[in-house]
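A short worksheet on the structure shown next.
Residue numbers (the numbering used here), protein chains in the order written: chain A, 22 to 322; chain B, 22 to 322.
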């Protein structure tokens, strides 16, 4: 099937590659999803991999390609320097890097964002998703392996904080004594018990180093049934994350949650349990953001 | 070589098995060490494994065997109920469990210790090492996979706290984004930089979930050379552990550090960096503790 469009938006992360064909109004006319994230591409054959996906989009005419995500890191295709905070959409548009290719013509790479103060932090890809919200102020949450809380002020990324929550959860159940926790069905009750405990222990200044072991002790001593479950452990970590992030950013309006099911729902349930209002962002924030950046750059003719 | 002795002390942990032949004064006349920890013993053939070790001790006459450590857990040989805190040596002696065997006669198993309040926690084996110190008051630290801080008052274990520090460190460098940290030689400078950072972030109430990711950000942004090393990561975790433990126990006298090199030295350097005095415990605290418990129980004739 042949498709017309004005730009191809590429959301290329560590584990997943998504491409989108958008028309001049930002409508998505075609899309692909594959597991060919940057870590799965050998010998940096990014152009060949991209050609496969673009062929599936069925594009009839050449149009600008704009990439976002870990594809712009050292392990990716073109390493872009980070834009400093506060970062606005015009900075992202202006500081894109371009690679000319015979097959596609110029390919654009959106830079990541860094923060030096109050604490050093980095992102690649999330800045584009946040731009795609078309939201000028407030706190955004992008849960995941490296969960990000991004604070917007007057249309700028003012500051952000990353939590290794998903990455740590995976390591705990793969490699530590907590691998003994049985892999049962998701339990909302256990999760919310963990949320409350994680938040409370964060509030008390308890280190996760001991908080995590108490999970084991509570379970062995039969003090708390939920402590013997992975849902509880997940809640314990997310509760600590929410506690820390809210102490930094004190959200005055609902937190916008960007991401996929079921993680977004779990986070929103956790936020609600702690009295923090939230709302879910529209889907496909990455191609929306790429479209906005392309508009500013004048690539949509 | 044949040896005489009054008791055989067995320190049987998850990964290591150590046996000792002691005379009536507590002097060690022979000892063995093997990697046959309880997780390496298939089909619970603990008696056969123990027979191999006892044969190597070269004992001439049958004498009581007393075991301590994870061998008393559900995964071990004889599961002993925990003694509650405050726990004293007479409780440990009185609540030993006995298993009669044809080959050895009675074998004694020292119970672990549990705490319900202020926070649930458990230990198996460390209580015996602490008894072996012959120290009535003060704070003891047993660093390791599950690092323990044990508070002694009037010869009793008054309270304790476990930190998953070593377990978490291993999981982080095996399974998370921090596996990218190069495996270089130990750097005391990087370690101490991590100690200071981990302590400071604990003091500020920063969650390890974000503190750990900052390690990556600092390294990538080139802000702190040490942040790109495993020694720094080790310091970061240990600094957070020391910060939390000292806020709970506020040690008024030097902390007694029990364990093996090089970990004990690293912890003592970390403690010194944070202004906490420490001293190293005499070696072989486990057989010393077993001997003390055997004396109380009247097993040394």
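The C-beta atom is built at its ideal place from N, Cα and C for all residues, glycine as well.
Checklist entry - Shorter than 7 angstroms from the beta carbon of residue 184 of chain B to some beta carbon of chain A? => result At least one C-beta of chain A is nearer than 7 angstroms to the C-beta of residue 184 of chain B.
Checklist entry - Should residue 136 of chain B be labelled buried (16 or more other beta-carbon atoms within 10 Å of its own) or exposed? => result Per the 10 Å Cβ criterion, buried.
Next on the checklist: Between residue 332 of chain B and chain A, is the shortest Cβ-Cβ distance under 7 angstroms, so that the two count as touching?
Outcome noted: Examination of residue 332 of chain B is not possible in this model, given that chain B is present from 22 through 322 alone.
Checklist entry - Leaving out five residues before and five after residue 58 of chain A in sequence, what residues of the same chain have Cβ atoms less than 8 angstroms from its Cβ? => result The residues are 33, 34, 35, 36, 37, 38, 91.
Next on the checklist: Using 7 angstroms as the threshold, is the C-beta distance between residue 196 of chain B and residue 192 of chain A below it?
Outcome noted: Contact: yes.
Item to check | Minimum C-alpha distance to residue 131 of chain A - residue among A/100, A/183, A/63 | outcome: Out of A/100, A/183, A/63, A/100 has the C-alpha closest to the C-alpha of residue 131 of chain A.
Checklist entry - Applying a beta-carbon distance threshold of less than 9 angstroms, which residues of chain B neighbour residue 271 of chain A? => result Within 9 angstroms of the CB of residue 271 of chain A, no CB atom of chain B is found; the nearest one sits about 14 angstroms away.
Checklist entry - Listed in chain order, which residues of the stretch 135-147 of chain A have Cβ atoms closer than 9 angstroms to some Cβ of chain B? => result The residues in question are 135, 136, 137, 140, 141, 142, 143.
Checklist entry - DSSP on residue 247 of chain B, reduced to helix/strand/coil? => result Helix.
Checklist entry - Under three-state DSSP, which class holds residue 324 of chain A? => result An answer regarding residue 324 of chain A cannot be provided, because it is not within the stretch 22 to 322 covered by chain A.
Checklist entry - Quick one: Cα of residue 125 of chain A to Cα of residue 320 of chain A, how far? => result Near 15 angstroms, if we compare the C-alpha coordinates of residue 320 of chain A and residue 125 of chain A.
Next on the checklist: Rounded to the nearest angstrom, what separates residue 29 of chain A and residue 194 of chain B at their Cα positions?
Outcome noted: For residue 29 of chain A and residue 194 of chain B, the distance between alpha carbons rounds to 37 angstroms.
Next on the checklist: Could you check whether the Cβ of residue 112 of chain A sits closer than 7 angstroms to any Cβ belonging to chain B?
Outcome noted: By this cut-off, residue 112 of chain A is not an interface position.
Next on the checklist: For residue 86 of chain B and residue 163 of chain B, which I take to be in contact (beta-carbon distance under 8 angstroms), what is that distance rounded to the nearest angstrom?
Outcome noted: At roughly 24 angstroms, the Cβ-Cβ gap does not stay under 8 angstroms, so residue 86 of chain B and residue 163 of chain B are not in contact.
Checklist entry - Going by beta carbon distance, what residues of the same chain come within less than 6 angstroms of residue 245 of chain A, once the five residues before and after it are set aside? => result Excluding positions up to five away in sequence, the list reads 239.
Item to check | Closer than 8 angstroms at the beta carbon, the chain A residues around residue 241 of chain B | outcome: Result: 143.
Checklist entry - Name the chain D residues that come within less than 9 angstroms of residue 195 of chain A, Cβ to Cβ? => result Here the protein chains are A and B, and chain D is not one of them.
Next on the checklist: Applying the 10 Å Cβ sphere with the 16-neighbour rule, what's the burial state of residue 169 of chain B?
Outcome noted: A residue is called buried when at least 16 other Cβ atoms come within 10 angstroms of its Cβ; residue 169 of chain B meets this threshold and is buried.
Checklist entry - According to DSSP, is residue 163 of chain A helix, strand or coil? => result The answer is strand: DSSP assigns residue 163 of chain A an E or B state.
Checklist entry - Do you know offhand how far residue 104 of chain B's Cα is from residue 113 of chain B's? => result Approximately 7 angstroms between the Cα atoms of the pair.
Item to check | Endpoints, beta strand (DSSP E) assigned at residue 130 of chain A | outcome: That run of the beta strand (DSSP E) goes 126-130.
Item to check | Bridge partner(s) assigned by DSSP for residue 27 of chain A | outcome: In the DSSP assignment, residue 27 of chain A is bridged to no other residue.
Item to check | Inter-residue spacing [alpha-carbon to alpha-carbon] between residue 229 of chain B and residue 111 of chain B | outcome: Those two C-alpha atoms are separated by around 40 angstroms.
Item to check | Run of the beta strand (DSSP E) containing residue 186 of chain A, from where it starts to where it stops | outcome: No beta strand (DSSP E) holds residue 186 of chain A; the alpha helix (DSSP H) holding it covers 186-196.
Next on the checklist: Going by beta-carbon coordinates alone, are residue 223 of chain B and residue 295 of chain B separated by less than 7 angstroms?
Outcome noted: By the CB criterion at 7 angstroms, residue 223 of chain B and residue 295 of chain B fall outside the cutoff.
Checklist entry - Buried or exposed: which applies to residue 203 of chain B, given that a residue is buried once 16 or more other Cβ atoms fall within 10 Å of its Cβ? => result Answer is exposed; the Cβ neighbour count stays below 16.
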